[in-house]
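Positions 13 to 506 (our numbering) are the ones given, in order, by the sequence shown. The structure under discussion appears below in the form of structure tokens.
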Amino acid sequence: MTGDGKLLSALGLRARDGRDPTITGLSVDSRTVRDGHLFAALPGSATHGGEFIRYALRQGAGAILTDRRGAQIAAAELAASGAAVVVAEDPRAALAGAAALWFAAQPETVVAVTGTSGKTSVATFTRQIWQALGHKAISLGTMGVEGDHTAKLAHTTPEPVTLHRVLAEAAAAGVTHAAMEASSHGLDQRRLDGVRVRAGAFTNFSQDHLDYHEGFDEYFAAKALLFDRILQPGDTAVINIDSDRGQQMAEIAVDGDLRLTAVGHDEACDLRILGQRYDATGQDLRFSMDGRTHLVRLNLIGGFQAENVLAAAGLCIASGDAPDRVLAALPGLTTVRGRMELAAVRENGAAVFVDYAHKPGAVVAALQSLRPHVMGRIIVVLGAGGDRDRGKRPLMGEAARQFADVVYITDDNPRTEDPAAIRAEVMAGAGPDATEVADRAEAILRAVDALQPGDALLIAGKGHETGQIVGSDVFPFDDAEQASVAVAALDGRI
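Pasting the structure below:
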């Protein structure tokens with residue numbers, strides 16, 4: 013940012029009275045406002061940020077960025093204040109531009125990943141490949157910021173002030189490469205605007221977030237914003253065309269003059285899966301690229317991981333690394349915490365896995381991909397989160413019924429809903445043979461106790477999370493830790 017702090021004129025924004033105060037910082041939370049800050053009062057799904065303008069002014073805000081509704085809500089307070097007031101048709105876009113200009117730095121190479129599932133794995137694998145090739149790299153998303161610079165994030169795709177601050181801090185620490193998750197919320201709310209993204213990936217598409225988006229078409233359109241708004245002509249789109257709507261996303265990319273790298277099983281794919289051979293600890297992947305066939309060992313559970321790995325490889329190649337060097341790094345990839353993570357093994361050899369699958373499509377994918385690795389039965393423990401899309405609950409139960417042999421339905425994060433009511437909706441799809449166990453720790457213990465030689469247990473839904481949200485409280489709870497304790501107790505080690 014320029015030394016004089018004249019942010020409004022630099023952005024081409026005009027305050028109502030023509031003021032252009034010296035800005036000392038940016039805030040989207042009135043509690044973080046300090047003297048001279050620009051406070052962005054944005055429309056929200058439940059409350060308009062205009063309700064908090066009065067508090068921002070008390071904290072010393074020097075400028076307010078909002079829309080007409082926000083200005084109306086705080087009209088009296090704004091009239092009595094000395095703050096500059098900017099009313100924008102699209103305040104989210106204006107904030108993104110302000111954050112990009114204010115922090116004015118990011119790693120040289122940034123890529124983004126969107127899709128219903130697999131974003132975290134692809135972003136993490138991309139970062140791991142870069143690090144193996146000697147780049148200072150980070151990944152940003154559900155797991156926070158990981159790699160050669162670390163930080164915690166409140167959202168998968170943080171709001172622009174946090175996002176641009178983290179990118180600038182990473183660049184200052186010498187990070188040259190960043191792979192970030194692009195959620196549908198983040199894309200729809202323009203959180204990525206202002207970030208120079210050089211390549212993007214699309215993993216898959218299935219039901220989720222219909223509590224936010226009006227329907228499937230709106231949800232897909234939000235995902236597509238990565239390719240028809242964020243990426244620029246000449247950039248690269250890595251698209252899994254095997255996935256539902258993958259071909260449609262590829263067409264959007266091509267229409268936007270993006271370079272297309274197709275991933276999947278189809279003959280037309282640039283990174284084409286030719287075969288997979290599974291065992292108890294991973295898989296051998298055979299694939300083709302540029303007319304050559306390659307065989308690589310992946311110490312990753314789940315057939316879907318091959319698609320994630322190749323998407324990550326495609327992003328690394330698109331960002332300038334030599335294909336042979338990228339492919340040579342693939343055997344060293346390690347699974348993301350809470351993504352088909354091996355949590356414990358019983359003395360009889362039965363394995364316990366923890367996975368973040370909390371959507372119908374993700375549950376199906378997790379169970380189907382686990383099947384080739386398992387000689388015996390698949391047991392699953394799952395629930396559904398409260399205050400989220402209710403329509404997916406019976407579908408999650410149905411997925412468990414169809415693709416697992418033994419099903420335990422339990423609580424996930426009930427939040428402010430009645431846990432029993434949530435379980436009942438999941439049980440409606442799981443069927444009469446499923447067992448309902450309210451307490452998640454007890455459900456895990458009973459499932460572990462049921463494991464016989466050759467079986468495997470999948471604990472789905474919470475993955476890497478270390479807390480369970482009940483009401484407004486967060487209680488310590490870690491699926492992998494609970495599984496390890498249960499195995500140790502039942503095998504007589506504690």
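All residues carry an ideal CB built from backbone N, CA and C; glycine is no exception. None of these values were measured; they are calculated from a predicted model.
task = Look at the alpha carbon of F489 and the alpha carbon of Q380, and state the distance between them as a whole number of angstroms.
result = Against the sequence shown, residue 489 aligns to sequence position 477. Against the sequence shown, residue 380 aligns to sequence position 368. Distance between the alpha carbons of F489 and Q380 is about 27 Å.
query = Can you give, in chain order, each stretch of the beta strand (DSSP E) that sits fully within the segment 372 to 420 and has at least 3 residues?
reply = Taking only runs of at least 3 residues, the beta strand (DSSP E) segments lying wholly in the segment 372 to 420 are 390 to 394.
message = Since A416 and V392 should fall inside the 8 Å C-beta cutoff, what is the C-beta to C-beta distance between them, to a whole number of angstroms?
response = What you label residue 416 is simply residue 404 of the sequence shown in a count that begins at 1. What you label residue 392 is simply residue 380 of the sequence shown in a count that begins at 1. Confirmed, about 4 Å.
ask   = On the three-state DSSP scale, how would you describe H176?
value = Stepping through the sequence shown from its first residue, residue 176 is reached at position 164. In this structure, H176 counts as helix in the three-state DSSP scheme.
message = So, with DSSP's three-state summary, where would you put F51?
response = Taking the first residue of the sequence shown as position 1, residue 51 is located at position 39. Under the three-state reduction of DSSP output, F51 falls in the strand class.
task = Between the Cα of A191 and those of V178, D200, A455, spot the shortest distance and give me the residue it belongs to.
result = Taking the sequence shown and counting its residues from 1, the one referred to as residue 191 is at position 179. The residue among V178, D200, A455 with its C-alpha nearest the C-alpha of A191 is V178.
ask   = Assuming A108 contacts L20 under a Cβ cut-off of 8 Å, what Cβ separation, rounded to an integer in Å, is found between them?
value = Position 96 of the sequence shown, counted from the first residue, corresponds to residue 108. Position 8 of the sequence shown, counted from the first residue, corresponds to residue 20. Between L20 and A108 the Cβ distance is about 15 Å, and since that is not below 8 Å, they are no contact.
task = With DSSP collapsed to three states, give me the class of L25.
result = Along the sequence shown, one-based indexing puts residue 25 at 13. Three-state result, L25: coil.
inquiry  = Output needed for C328: all residues of its chain with C-beta closer than 7 Å, excluding positions within five of it in sequence on either side, in chain order.
reply    = Mapped onto the sequence shown, residue 328 falls at position 316. Contacts found: T138, I141, W142, V338.
ask   = From which residue to which residue does the alpha helix (DSSP H) around L345 run?
value = Residue mapping note: residue 345 aligns to position 333 of the sequence shown, counting from 1. For L345, no alpha helix (DSSP H) segment is defined, and its DSSP state is neither H nor E.
query = Among residues of its own chain, excluding the 5 on either side of A446, which ones have a beta-carbon nearer than 8 Å to its beta-carbon?
reply = To locate residue 446, count along the sequence shown from 1; it is residue 434. When the five nearest sequence neighbours on each side are left out, the beta carbons in the same chain lying within less than 8 Å of the beta carbon of A446 are those of G409, A412, R413, V419, Y420, I421, M439, in order along the chain.
request  = Taking 8 Å as the threshold, find out whether the segment 117 to 131 comes into contact with the segment 295 to 313 through three or more Cβ pairs.
outcome  = The segment 117 to 131 vs the segment 295 to 313: no contact.
query = Mind pulling the alpha helix (DSSP H) runs of 4 or more residues that sit fully within the segment 278 to 361?
reply = For the segment 278 to 361, whole alpha helix (DSSP H) runs of length 4 or above, ordered along the chain, are 316 to 330, 335 to 340.
message = Alpha carbons only, please: which of L297, T293, L175 is nearest the one belonging to H385?
response = Working through the sequence shown from its first residue, we reach residue 385 at position 373. Among L297, T293, L175, the Cα nearest to that of H385 belongs to T293.
Exposure label - L463; buried when at least 16 CB within 10 Å = Within the sequence shown, numbered from 1, the residue matching residue 463 stands at position 451. With 16 or more other Cβ atoms within 10 Å, it is buried.
request  = Please confirm if the segment 266 to 274 is in contact with the segment 244 to 258, defined as three or more CB-CB distances below 8 Å between the two stretches.
outcome  = They touch, by the three-pair rule.
ask   = So T128 packs on N252, CB below 8 Å; how close in whole Å?
value = As a working mapping, residue 128 is identified with position 116 in the sequence shown. As a working mapping, residue 252 is identified with position 240 in the sequence shown. By a beta-carbon distance limit of 8 Å, T128 does not contact N252. Their separation comes to about 11 Å.
inquiry  = According to DSSP, is G74 part of a helix, a strand, or is it coil?
reply    = As a working note, residue 74 is residue 62 in the sequence shown. Correct three-state label for G74: coil.
message = Just verifying my parser: in three-state terms, what is the DSSP assignment at G30?
response = Counted from its first residue, the sequence shown places residue 30 at position 18. The answer is coil: DSSP assigns G30 none of H, G, I, E or B.
ask   = If we ignore side chains and look at the alpha-carbon of each, how far apart do V499 and T347 end up?
value = Walking along the sequence shown from the start, residue 499 turns up at place 487. Walking along the sequence shown from the start, residue 347 turns up at place 335. Approximately 21 Å, taken between the alpha carbons.
ask   = To which residues does DSSP link L469 through a beta bridge?
value = The residue you call residue 469 lines up with position 457 of the sequence shown. Among the bridge pairs identified by DSSP, L469 is matched with V364, I391.
key: Proximity of A27 and V134 at Cβ, strictly below 7 Å   = Position 15 of the sequence shown, counting from 1, holds the residue named residue 27. Position 122 of the sequence shown, counting from 1, holds the residue named residue 134. Using a Cβ distance threshold of 7 Å, A27 and V134 do not count as a contacting pair.
key: Where V438 falls: helix, strand or coil (DSSP)   = For the purposes of this step, residue 438 is identified with residue 426 of the sequence shown, where counting begins at 1. V438 sits in a helix when the DSSP states are folded into three classes.
ask   = Is the beta carbon of G82 sitting closer than 7 Å to the one on A53?
value = Taking the first residue of the sequence shown as 1, we reach residue 82 at position 70. Taking the first residue of the sequence shown as 1, we reach residue 53 at position 41. It is a contact, given that the beta carbons lie within the stated cut-off.
Distance, L199 Cα to P172 Cα = Here residue 172 is taken as the residue at index 160 of the sequence shown, counted from 1. Here residue 199 is taken as the residue at index 187 of the sequence shown, counted from 1. Their Cα atoms are separated by approximately 11 Å.
message = If I measure Cβ to Cβ from V366 and keep anything under 7 Å in the same chain, skipping five residues before and after, which residues do I get?
response = One-based indexing of the sequence shown puts residue 366 at position 354. Within the same chain, and ignoring the five residues on either side of V366 in sequence, the residues whose Cβ sits closer than 7 Å to its Cβ are G350, E353, A355, I471, G475, D491, A492, A495.
inquiry  = Taking 7 Å as the threshold (C-beta atoms), are R400 and E437 in contact?
reply    = The residue you call residue 437 lines up with position 425 of the sequence shown. The residue you call residue 400 lines up with position 388 of the sequence shown. In this structure, R400 does not lie closer than 7 Å to E437 by Cβ.
query = Per DSSP, S39 is paired with what?
reply = Here residue 39 corresponds to residue number 27 of the sequence shown, with the count starting at 1. The secondary-structure analysis by DSSP pairs S39 across a beta bridge with F51.
query = Buried or exposed: R334, going by 16 or more other Cβ atoms within 10 Å of its Cβ?
reply = Taking the sequence shown and counting its residues from 1, one reaches residue 334 at position 322. For the record, residue 334 in the displayed sequence is Ala; it is not Arg. It counts as exposed.
message = Below 8 Å on the Cβ atoms is my contact criterion, and I expect E89 with R66 to pass it. Report the Cβ-Cβ distance as a whole number of Å.
response = By one-based count along the sequence shown, residue 89 stands at place 77. By one-based count along the sequence shown, residue 66 stands at place 54. With a Cβ gap of about 5 Å, E89 and R66 count as contacting.
task = Would you kindly report the start and end of the unbroken alpha helix (DSSP H) that includes I85?
result = Here residue 85 refers to the residue found at position 73 of the sequence shown. Element bounds for I85: 80 to 85.
ask   = With a CB to CB cut of under 7 Å and the five nearest residues on each side skipped, what residues in its chain are close to M261?
value = The residue labelled residue 261 in the question sits at position 249 within the sequence shown. So the list reads F214, A236, F239, I251, once near-sequence residues are dropped.
task = State yes or no: is the C-beta of I242 within less than 7 Å of the C-beta of L204?
result = Against the sequence shown, residue 242 aligns to sequence position 230. Against the sequence shown, residue 204 aligns to sequence position 192. Contact annotation: I242 and L204 have beta-carbon atoms nearer than 7 Å.
query = Taking the C-alpha atoms as reference points, what is the distance between T78 and I434?
reply = Here residue 78 refers to the residue found at position 66 of the sequence shown. Here residue 434 refers to the residue found at position 422 of the sequence shown. About 38 Å.
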